[in-house]
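*Asks:*
Residue numbers (the UniProt record's numbering): 1 to 284.
(1) If you compare alpha carbons, which of 118, 229, 159 is closest to residue 130?
(2) For the candidate residues 78, 76, 61, whose alpha-carbon lies nearest to that of residue 70?
(3) Give the C-beta separation of residue 100 and residue 118 to the nearest angstrom, bearing in mind that I take them to be a contact with Cβ-Cβ under 8 Å.
(4) Who does residue 298 pair with in a DSSP beta bridge?
(5) In chain order, what residues of the same chain lie with their CB nearer than 6 Å to the CB of residue 228, ignoring the 5 residues before and after it?
(6) Pick out the complete alpha helix (DSSP H) segments inside the region 179-263, 4 residues or longer, and give them in chain order.
(7) Where does residue 35 sit, in a helix, a strand or coil, going by DSSP?
(8) Which residues bound the beta strand (DSSP E) around residue 4?
(9) Does any heavy atom of the ligand NAD sit closer than 7 Å to the C-beta of residue 186?
(10) Once DSSP output is grouped into helix, strand and coil, what is the label at residue 71?
(11) By how many angstroms is the C-alpha of residue 22 removed from the C-alpha of residue 255?
(12) Count the CB pairs spanning the region 140-149 and the region 213-222 that are closer than 8 Å, and state whether there are at least three.
(13) Taking the straight line between their C-alpha atoms, what separation do you get for residue 54 and residue 180?
(14) Could you tell me which residues DSSP pairs with residue 43 in its beta bridges?
(15) Look up residue 52 in the DSSP assignment and give the residues it is bridged to.
(16) Taking 6 Å as the limit between beta carbons, can you name the residues of its chain near residue 36, skipping five residues before and five after?
(17) With distance defined between alpha-carbon atoms, name the residue in 20, 81, 44, 41 nearest to residue 170.
(18) Taking DSSP as the reference, what is the three-state secondary structure of residue 124?
(19) Give the straight-line distance between the Cα atoms of residue 174 and residue 40, rounded to the nearest whole angstrom.
(20) Suppose contacts are defined by Cβ-Cβ distances below 8 Å. Is residue 244 in contact with residue 219 by that definition?
(21) Let me confirm a value: residue 93 is counted as buried when at least 16 other C-beta atoms fall within 10 Å, else exposed. Which label applies?
(22) For a quick check, are the C-beta atoms of residue 48 and residue 122 less than 8 Å apart?
(23) In the DSSP assignment, the alpha helix (DSSP H) including residue 59 goes from what residue to what residue?
(24) Using the Cα positions of residue 145 and residue 79, report the straight-line distance between them to the nearest angstrom.
(25) Verify whether the separation of the beta carbon atoms of residue 64 and residue 166 is less than 8 Å.
(26) Could you give the residue range of the beta strand (DSSP E) that holds residue 117?
(27) List the endpoints of the continuous beta strand (DSSP E) containing residue 110.
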């Protein structure tokens, strides 16, 4: 059996805390869309974590590292990945003690041989608020471009801070662009700020959709995905949907694709039948 081994810096307090966090969370949580922690070791200043091996690597590699030998992710595949990751986050938020993942990004979404998404790297995860509290207050950590505005401004971490990070990844899936890239033209460095105005317009949306998916999706499905992305990226946490609601919306979008295929198949069948019947010998 192939495994992946992660070695953390045993000489830094942060390295130890991240190792401890991974063991605490992945040691007690189990879900098809969370990467499996198979073992861990703390011996002779070695901090090791042993995970299941994920054959396809990270979503980041597939989206942003343009390799001619690797086929671009299709619309259908991206939807599959978005749904899998949403299931993982929804599970964390619905567990007995809610878990705030805190560092949701494309590089932390790993893919198995069938492109099933699993959330990895729980080094920055935190237990959610308890009692009547709405948030936990913590030192600001995470990745620029994905962190929710309220967390950056105040250090207040809400369950729905994860929803914002999820919205950024959804935007990356739609556009094929990184959350932050200083190599882009001025005014386009931050993907959310630049693309938000395009998400609410069907005409403008087409200008930011990843051209590698052209012709693979229904315009209505893409627009609904864009509307969902906008909701996830709301400035105020209370206005963002829950991950359960996000998951339900994505499953409806996925069903639209299935229905479209079925209706195409039906009309093709009807057309063939009527053409065939028109050619029957002896028909008057």
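Yeah, the Cβ is synthetic: ideal placement off N, Cα and C, and Gly gets one too.
*Replies:* Based on what the coordinates show:
(1) Working through the chain shown from its first residue, we reach residue 130 at position 130. Measuring from the Cα of residue 130, the nearest candidate turns out to be 159.
(2) Position 70 of the chain shown, counting from 1, holds the residue named residue 70. Measuring from the Cα of residue 70, the nearest candidate turns out to be 61.
(3) What you label residue 100 is simply residue 100 of the chain shown in a count that begins at 1. What you label residue 118 is simply residue 118 of the chain shown in a count that begins at 1. In fact, because the Cβ distance is near 18 Å, the residues do not count as touching under 8 Å.
(4) Nothing about residue 298 can be read from this structure; the chain reaches only from 1 to 284.
(5) As a first step, residue 228 is located in the chain shown; it is residue number 228 there, counting from the start. Correct list, in chain order: 249.
(6) 191-199, 202-208, 219-232
(7) Indexing the chain shown from 1 puts residue 35 at position 35. Residue 35 falls in the coil class under three-state DSSP.
(8) The residue labelled residue 4 in the question sits at position 4 within the chain shown. Counting along the chain, the beta strand (DSSP E) containing residue 4 begins and ends at 3-8.
(9) In the structure shown, the ligand NAD is absent, as is every other ligand, since no ligand is present at all.
(10) Here residue 71 refers to the residue found at position 71 of the chain shown. Coil.
(11) Against the chain shown, residue 255 aligns to sequence position 255. Against the chain shown, residue 22 aligns to sequence position 22. Each residue's alpha carbon lies about 35 Å from the other.
(12) no
(13) Counting from one through the chain shown, the residue named residue 54 turns up at place 54. Counting from one through the chain shown, the residue named residue 180 turns up at place 180. Cα to Cα, residue 54 sits roughly 26 Å from residue 180.
(14) For the purposes of this step, residue 43 is taken as the residue at position 43 of the chain shown. 46.
(15) Counting from one through the chain shown, the residue named residue 52 turns up at place 52. 3.
(16) Counting from one through the chain shown, the residue named residue 36 turns up at place 36. Excluding sequence neighbours, residue 36 sits near 52.
(17) What you label residue 170 is simply residue 170 of the chain shown in a count that begins at 1. Measuring from the Cα of residue 170, the nearest candidate turns out to be 81.
(18) The sequence position of residue 124 within the chain shown is 124, counting from 1. It is coil, neither helix nor strand.
(19) Taking the first residue of the chain shown as 1, we reach residue 174 at position 174. Taking the first residue of the chain shown as 1, we reach residue 40 at position 40. The C-alpha of residue 40 is placed about 36 Å away from the C-alpha of residue 174.
(20) Mapped onto the chain shown, residue 244 falls at position 244. Mapped onto the chain shown, residue 219 falls at position 219. No, Cβ-Cβ distance for residue 244 and residue 219 is not below 8 Å.
(21) The count along the chain shown starts at 1 and reaches residue 93 at position 93. A residue is called buried once 16 or more other Cβ atoms fall within 10 Å of its Cβ, and residue 93 is buried on that count.
(22) Working through the chain shown from its first residue, we reach residue 48 at position 48. Working through the chain shown from its first residue, we reach residue 122 at position 122. Not a contact, by the Cβ cut-off of 8 Å.
(23) Counting from one through the chain shown, the residue named residue 59 turns up at place 59. Taken as a continuous stretch (DSSP letters only), the alpha helix (DSSP H) holding residue 59 covers 59-64.
(24) Taking the first residue of the chain shown as 1, we reach residue 145 at position 145. Taking the first residue of the chain shown as 1, we reach residue 79 at position 79. Whole-angstrom Cα-Cα distance: 22 Å.
(25) Residue 64 sits at position 64 when you count from the first residue of the chain shown. Residue 166 sits at position 166 when you count from the first residue of the chain shown. In this structure, residue 166 does not lie closer than 8 Å to residue 64 by Cβ.
(26) Your numbering for residue 117 matches position 117 in the chain shown. Looking at the DSSP string, the run of the beta strand (DSSP E) that includes residue 117 is 117-119.
(27) Along the chain shown, read from residue 1 onward, the residue named residue 110 stands at position 110. Boundaries of the beta strand (DSSP E) harbouring residue 110: 109-111, taken from the DSSP string.
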